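> A single structure is presented below for examination.
There are 2 protein chains.
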Amino acid sequence: MAYEQLKLDNQLCFRLYTAARLTMGAYHPYLDPLGITYPQYLVMLVLWEHEKQTIMDISHRLQLDTNTVTPLLQRMEKAGLIKRTKGKEDARQRIVTLTDKGLAMQEQAKHIPECLSAEILNHIGSIEELTKIVPTLDKLIEGLKQTNNEH
Amino acid sequence: MAYEQLKLDNQLCFRLYTAARLTMGAYHPYLDPLGITYPQYLVMLVLWEHEKQTIMDISHRLQLDTNTVTPLLQRMEKAGLIKRTKGKEDARQRIVTLTDKGLAMQEQAKHIPECLSAEILNHIGSIEELTKIVPTLDKLIEGLKQTNNEH
DNA sequence: TAAAATTATATCGCAAACGATATATTTCAT
DNA sequence: ATGAAATATATCGTTTGCGATATAATTTTA
Numbered sequence: 001m002a003y004e005q006l007k008l009d010n011q012l013c014f015r016l017y018t019a020a021r022l023t024m025g026a027y028h029p030y031l032d033p034l035g036i037t038y039p040q041y042l043v044m045l046v047l048w049e050h051e052k053q054t055i056m057d058i059s060h061r062l063q064l065d066t067n068t069v070t071p072l073l074q075r076m077e078k079a080g081l082i083k084r085t086k087g088k089e090d091a092r093q094r095i096v097t098l099t100d101k102g103l104a105m106q107e108q109a110k111h112i113p114e115c116l117s118a119e120i121l122n123h124i125g126s127i128e129e130l131t132k133i134v135p136t137l138d139k140l141i142e143g144l145k146q147t148n149n150e151h
Numbered sequence: 152m153a154y155e156q157l158k159l160d161n162q163l164c165f166r167l168y169t170a171a172r173l174t175m176g177a178y179h180p181y182l183d184p185l186g187i188t189y190p191q192y193l194v195m196l197v198l199w200e201h202e203k204q205t206i207m208d209i210s211h212r213l214q215l216d217t218n219t220v221t222p223l224l225q226r227m228e229k230a231g232l233i234k235r236t237k238g239k240e241d242a243r244q245r246i247v248t249l250t251d252k253g254l255a256m257q258e259q260a261k262h263i264p265e266c267l268s269a270e271i272l273n274h275i276g277s278i279e280e281l282t283k284i285v286p287t288l289d290k291l292i293e294g295l296k297q298t299n300n301e302h
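Chains A and B are the protein sequences, given in the same order. In case it helps, this note's numbering puts the first sequence at residues 1 to 151. In case it helps, this note's numbering puts the second sequence at residues 152 to 302.
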């Protein structure tokens with residue numbers, strides 16, 4: 001009935017879309033106790049790596065536009081995880097820093113990656129198989145950044 | 152500063168999340184002329200494969216809950232792409248079928264997959280490398296379905 | 001140096017996702 | 001056959017994601 005290339009099972013993107021959503025779902029049991037969502041967890045990862053960052057830094061790092069990141073950070077500020085202060089050198093910028101609460105959360109979060117790995121390992125056999133696809137995903141991401149910039 | 156395992160570059164999920172979003176972005180130039188979004192495109196793929204489906208069928212196929220699919224289908228019905236009729240045997244069910252407009256869209260859409268492939272190929276070198284990760288993604292997805300059902 | 005272009009962030013509106021809850025219909029148990 | 005459990009779908013509320021637009025500060029250009 002349908003064209004072969006239009007079948008759902010032949011769509012790489014559908015797999016990425018589904019894998020991404022289900023993986024975020026798998027984080028739920030670990031992030032709920034911390035009171036943060038998966039995108040907020042990503043922001044925390046970025047800030048735990050480098051304490052002081054502008055909105056631009058964060059949005060570049062996460063490949064998200066500021067119209068997504070700004071409200072995200074506003075909610076995180078309201079939750080007491082971060083502070084947003086005006087830049088001194090460039091007053092357009094906002095400097096984002098962790099609060100004590102945000103910094104302390106790192107200790108509670110440090111086991112999350114291995115918990116996730118263990119849980120997936122239970123159902124999939126080998127983690128090596130997953131690490132093997134990382135370089136391809138990175139290439140794809142780099143390629144798509146360019147593709148999307150052209151339009 | 153940060154724990155090694157908490158670094159963003161060590162997160163598989165972040166790659167999936169980013170790859171999925173950027174891929175959806177790459178569909179934009181092709182889906183905009185059709186007036187549909189990427190999730191709506193997925194629903195069309197499902198319906199082009201099997202004309203008559205219940206909400207359950209569609210949501211199982213796309214791994215989405217009905218609370219996502221129902222509003223999606225309502226918008227698609229308003230756009231004149233599908234019809235939703237009460238099931239005759241089981242009145243709880245809704246049978247979703249394509250309108251003429253929805254069916255005709257298949258012709259306009261049939262080149263989209265190869266356009267996407269070509270575009271990615273431009274920036275990444277080989278499509279084979281991408282097809283190689285498909286079995287791993289499928290295993291991951293199956294594993295995550297189970298993981299998420301346990302909680 | 002004043003106007004124009006650029007840059008950094010914010011706001012708005014809409015479409016997804018998804019947890020929680022509600023409603024209607026069917027099936028099951030007694 | 002009737003009340004209870006299960007099933008299919010819908011609704012509500014919140015957070016994301018993102019295009020479009022606005023605002024404020026900086027840099028560039030004439």
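The beta-carbon is built from N, C-alpha and C at its ideal position, and this holds for glycine as well. This one's a predicted model, so the numbers in the text were calculated from it and none came from an experiment.
Starting from residue 278 of chain B, trace the alpha helix (DSSP H) both ways and give me its first and last residue.
278-301
> Output the distance between the C-alpha atoms of residue 282 of chain B and residue 295 of chain B, rounded to the nearest integer angstrom.
20 Å
> Have a look at the DSSP bridge pairing and note the partners of residue 98 of chain A.
A/82
> Can you check whether the C-beta of residue 266 of chain B is within less than 8 Å of a C-beta belonging to chain A?
no
> Please give me, in chain order, every unbroken run of the alpha helix (DSSP H) with length at least 4 that falls completely inside the region 169-201 of chain B.
189-200
> Residue 292 of chain B: which of A/73, A/120 and A/8 sits nearest, CA to CA?
The shortest Cα separation from residue 292 of chain B among A/73, A/120 and A/8 belongs to A/120.
> Could you say which of B/214, B/206, B/162 and B/261 lies nearest to residue 185 of chain B if we only look at CA atoms?
Ranked by Cα distance from residue 185 of chain B, the options B/214, B/206, B/162 and B/261 are led by B/261.
> How big is the Cα-Cα spacing for residue 94 of chain A and residue 125 of chain A?
C-alpha separation (whole angstroms): 45 Å.
> If you draw a straight line from the C-alpha of residue 285 of chain B to the C-alpha of residue 4 of chain A, how long is it?
Residue 285 of chain B and residue 4 of chain A: Cα-Cα distance of roughly 17 Å.
> CB residue 37 of chain A to CB residue 45 of chain A, shorter than 8 Å?
no
> Buried or exposed for residue 58 of chain A, please, with buried defined as at least 16 other CB atoms from any protein chain shown within 10 angstroms of its CB.
It is buried - the Cβ of residue 58 of chain A has at least 16 other Cβ atoms within 10 Å.
> Take residue 253 of chain B and list the residues in its own chain whose beta-carbon comes closer than 6 Å to its own, dropping the five residues that flank it on each side.
232 and 233
> Measuring alpha carbon to alpha carbon, tell me which residue in B/198, B/163 and B/159 is nearest residue 50 of chain A.
Out of B/198, B/163 and B/159, B/159 has the C-alpha closest to the C-alpha of residue 50 of chain A.
> Going along chain A in order, which residues have a C-beta closer than 9 Å to the C-beta of residue 299 of chain B?
22, 25, 26 and 28
> Could you spell out the range, first to last residue, of the alpha helix (DSSP H) harbouring residue 118 of chain A?
Counting along the chain, the alpha helix (DSSP H) containing residue 118 of chain A begins and ends at 112-124.
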